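Using the numbering used here, count along the sequence shown one by one with no gaps and you end on 1350.
For glycine and all other residues, C-beta sits at the position ideal for the given N, C-alpha and C.
Quick caveat, the model's predicted, so the values are computed rather than measured.
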Amino acid sequence: MDALFKSEAGELVVAIPESGIDMAWLAQPLAELGLTTGGSFTKLRVESPATWRWSSFDAAFLARLLRQLEAPGHRIALEGLPRELEKLLALALGGTPAVAPEIARQPGLRERVGLGALSATDSVRAFLALLGEVVRLLPRFIAGRAKMRRAELVEVLAESSSRALAIVAVTNLLMGAILAFVGAVQLKTFGAGIYVANLVGIASARELTPILTAIVLAGRTGASFAARIATMQGNEEVDALTALRVSAVEFLVLPRVVALSLLMPLLYIYGCAFALLGGLAVAIPILDLSATAYAAQTQQAVNAAQFAIGGLKALVFGALVALIGCHYGLRAPRSAAGVGAATTSAVVISIVGIIALDAVFAVCANALKV
């Protein structure tokens, strides 16, 4: 074996052999390898062949050599090491590599606005792609050929309907009672207390019940969709579906969108009943009305067109909530924080989307004079 160490005027040269550092040298005394003691070196230079492929053994051997040569307060300069090996050697010595600190540049206002606009555009594009994929897969679902588990479909149906009955009933009951109380205070002054039935009936059937029910389900069911799919994303279950050539949209998104779209109109009718009941419970004692008179006035004020508009809103809102929840679940980062961020984004964007869509419905209804 050629000499491993050479001394040149205060400089120690380590000649790395073609085969690299032998693992046995880590336990062998350095004197037996040719290192002369008593010399004071200020520089350690590594000479290596062109075909040298360094490994962790090289870093461990050089770290051992430096510990033996360096005295307290005396540092030895290194030359001839690859940058990656310098970092590994610093770790072997128990320190951190000397890297110049990078100062993060804070983006300006225009840059933040531009980055936000690009991110929003990308999110909208991905959402529209998801919507198109769901629409394309609907015929397969109707024909019964969609790739999904029936047990999961039943679970989604239960999550979107029976388990939400209590909170939908309570919120709509209180909303109807509040409407009746506010209306009664004002209308009683003019002797038109009977028209509280009109106020509660039209407002509930046309606007408030579909909106309120959709918001409740956005915070409950839509958030559940986002959290569950985001967790599956973090556990690489979505990747497993892709590896098995199963579409994640068909297996996870389609049943949720269909279930919530179909069940929202039913929950809307259910919520309307409790909203009218809440108005009745307040109007009877405050306005001294009979239940028969209140019911007759409600039947006269609320026609089928009001329920048709409300039911259509409920259908669209249900699809929107499910799509947004699944969209943010599929785009969630693969971490626990990503699950929380996806859930929060799904709820916030769902509520904003519901209000925006309701405004579109109002404009269209006004243009059609419905």
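- Residues of the same chain with their beta carbon placed closer than 8 Å to that of E988 are lacking, with the five preceding and five following residues left out of the count.
- For E998, the secondary structure class from DSSP, reduced to helix, strand or coil, is coil.
- Our two residues, K1293 and G1309, have alpha carbons roughly 24 Å apart in a direct line.
- At a Cβ-Cβ threshold of 8 Å, F1297 and A1206 do not count as neighbours.
- It is roughly 14 Å from the alpha-carbon of A1004 to the alpha-carbon of L984.
- Taking 4 residues as the shortest admissible run, the region 1185–1229 contains the following complete alpha helix (DSSP H) segments, listed from N- to C-terminal end: 1189–1197, 1203–1214, 1217–1223.
- Judged by their CB atoms, A1263 and A1198 are not nearer to each other than the 8 Å cut-off.
- Of all alpha-carbon atoms in I1329, S1184, D1338, G1000, the one lying nearest the alpha-carbon of Y1248 is that of S1184.
- Per DSSP, the unbroken alpha helix (DSSP H) holding S1099 starts and ends at 1089–1122.
- With fewer than three CB-CB distances shorter than 8 Å, the region 1116–1132 does not count as touching the region 1269–1286.
- Below 8 Å, too few C-beta pairs join the region 1326–1340 and the region 1216–1236 to call them touching: fewer than three.
- Between V1180 and A1255, the C-beta gap is smaller than 8 Å, which places the two residues in contact.
- Distances from the CA of L1232 to each of A1253, S1204, M1244 were compared; the closest alpha carbon is that of S1204.
- Per DSSP, the beta-bridge partners of A1057 are K1023.
- By the neighbour-count definition (other C-beta atoms within 10 Å, threshold 16), I1122 is an exposed residue.
- Boundaries around F985 are those of the beta strand (DSSP E), 985–988, since no alpha helix (DSSP H) includes it.
- Here L992 is bridged, per DSSP, to S987, L1024.
- Contact between the region 1265–1281 and the region 1316–1336 is absent: fewer than 3 CB-CB pairs across the two stretches fall below 8 Å.
- Distances from the alpha-carbon of A1039 to those of P1029, L1095, T1278, L1065 put L1065 closest.
- Distance from V1196 to L1303 at the Cβ level is roughly 17 Å; contact not present, criterion being Cβ atoms closer than 8 Å.
- If the five residues before and after L1243 are omitted, its C-beta is found closer than 6 Å to the C-beta atoms of S1140, S1141, all from its own chain and listed in chain order.
- DSSP places F1037 inside the alpha helix (DSSP H), whose first and last residues are 1036–1049.
- In terms of Cβ geometry, L1117 and V1301 do not form a close pair [threshold 8 Å].
- Rounded to whole angstroms, the gap between the alpha carbons of F1021 and I1001 is 21 Å.
- By the beta-carbon neighbour count (other beta carbons within 10 angstroms, threshold 16), R1311 is buried.
- Here P1062 is exposed, its C-beta having fewer than 16 other C-beta atoms within 10 Å.
- Assigned with DSSP and collapsed to three states, M1128 falls in coil, not helix or strand.
- Membership of M1003 in any alpha helix (DSSP H) is not indicated, and neither H nor E is assigned to it by DSSP.
- For V1134 against A1160, the beta-carbon gap comes to about 38 Å, at or over 8 Å, which does not count as contact.
- Counting along the chain, the unbroken alpha helix (DSSP H) around G1318 starts and ends at 1316–1348.
- T1272 counts as exposed, since fewer than 16 other C-beta atoms from the protein chains shown sit within 10 angstroms of its C-beta.
- Contact between A1326 and G1305 holds: their C-beta atoms lie close to 5 Å from each other, under 8 Å.
- DSSP places V1282 outside both helix and strand once states are collapsed to three, so it counts as coil.
- In the displayed model, G1014 falls within coil according to three-state DSSP, outside both helix and strand.
- Just so you know, the alpha carbons of V1148 and G1096 end up roughly 35 Å apart.
- Annotation: the continuous alpha helix (DSSP H) that includes A1255 extends over 1234–1267.
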